[in-house]
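Following: one structure in structure tokens, then a few remarks.
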Amino acid sequence: GFNFNLGLIWRSDWVNLGAVYRSPFTATYTFVDRYDAVSTTTGLPTSQSSPSTAIDVKWPSTLGWGLGAHLHPRLQYTADWSQTHWSEARYSGSSQTYDGLNWFDFLQASNTKDVRDFHTGVEWIAWQGERVILPLRAGYFKEPQPIVDATTLEQRVLKGWTLGIGIKVKDVVLDLAFKNAKDNRRASRYNTDTPIGGVASIAVGNETLEEKRYYASLIYQFNAEKVRRALSWIFIGG
1360 GFNFNLGLIW
1370 RSDWVNLGAV
1380 YRSPFTATYT
1390 FVDRYDAVST
1400 TTGLPTSQSS
1410 PSTAIDVKWP
1420 STLGWGLGAH
1430 LHPRLQYTAD
1440 WSQTHWSEAR
1450 YSGSSQTYDG
1460 LNWFDFLQAS
1470 NTKDVRDFHT
1480 GVEWIAWQGE
1490 RVILPLRAGY
1500 FKEPQPIVDA
1510 TTLEQRVLKG
1520 WTLGIGIKVK
1530 DVVLDLAFKN
1540 AKDNRRASRY
1550 NTDTPIGGVA
1560 SIAVGNETLE
1570 EKRYYASLIY
1580 QFNAEKVRRA
1590 LSWIFIGG
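Letter by letter, the sequence shown follows residues 1360 to 1597 of the numbering used here.
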């Protein structure tokens, strides 16, 4: 698929305002159905596969906006929101079997919800010297997931917090961050304990999800004048 992102930001001494738009797009999705079973004749595992199937998928747009407030020369507060119309993520055109079905739950009258993510955080410059800068960061977020349980109709919503630290020494920047997210909801699954030949049933229980992530980034900032002279030498000549 092909799409584009557009962003705008307005800066001032006290506040920054920004917006971003990610365009919708249509992509080609190719899949193969594979079935594993035990042969009733030989008792050995067997596999069957369907021919490769290609189908178009319409992916929705996303609109986000945010702000950054400079509460103090060393303290900044940020918040952002983004909204994605996941109910509009649908198969399209290539197959009558899937045409118009939602990407997530394969339903025409989809239970998939549009979502709005929210993030907020603060950054405090704990140390600011001539050559060394040490920022500390903390944040909170809420990230609803598009999938809704088919039986309980409850949506998975990740909520959590983040901590981060950075250090800038001359032209080198090192950032480290930790993210912790949790969700708890009523969810269902097929009852795998049903005897062979029995009536399949659905079990409902509590689903608890916990996600921990670590991030690290290393950035080297080139001297602007040296870069300009190097590009001038490459494209213009000595």
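Note that the Cβ used here is the ideal one computed from N, Cα and C, for glycine as well.
Extent of the continuous beta strand (DSSP E) run through residue i
i     : result
K1408 : Correcting the residue type first, residue 1408 is Ser in the shown sequence and not Lys. Here the beta strand (DSSP E) through S1408 covers 1404-1408.
G1501 : One detail in the question is off: residue 1501 reads as Lys in this sequence, not Gly. Run containing K1501: 1491-1507, per the beta strand (DSSP E) assignment.
F1384 : 1384-1390
D1415 : 1412-1418
Strand pairing of residue i, partner residues [DSSP]
i     : result
D1317 : It is not possible to answer for residue 1317, since the shown part of the chain is limited to 1360 through 1597.
G1360 : DSSP, once it has assigned bridges, lists no residue as partnering G1360.
Q1514 : V1507
D1530 : DSSP lists no partner for D1530.
D1542 : L1568
S1441 : G1423, D1476
Y1457 : BP columns for Y1457 are empty, so no partner.
A1378 : L1367, W1424
S1451 : D1415
A1562 : R1548
W1520 : Y1499, N1539
Q1435 : H1429, E1482
G1525 : D1534
Three-state secondary structure (DSSP) of residue i
i     : result
F1594 : helix
S1446 : helix
K1472 : coil
R1588 : helix
Any C-beta of chain B under 8 Å from that of residue i
i     : result
Y1388 : Protein chains in the displayed structure number just one, and chain B is not present.
Given 8 Å, three or more beta-carbon pairs between the segment 1537-1549 and the segment 1480-1487: Under the 8 Å Cβ criterion, the segment 1537-1549 does not count as touching the segment 1480-1487, having fewer than three qualifying pairs.
Sufficient close CB pairs (3 or more, under 8 Å) joining the segment 1408-1421 to the segment 1376-1391: Yes: at least three Cβ pairs fall under 8 Å.
Three CB pairs or more closer than 8 Å across the segment 1460-1472 and the segment 1437-1452: Here the segment 1460-1472 lies against the segment 1437-1452, with 3 or more beta-carbon pairs under 8 Å apart.
Three or more C-beta pairs below 8 Å linking the segment 1397-1410 and the segment 1369-1378: Short answer: they don't touch.
Sufficient close CB pairs (3 or more, under 8 Å) joining the segment 1483-1492 to the segment 1501-1518: Verdict: no, contact absent.
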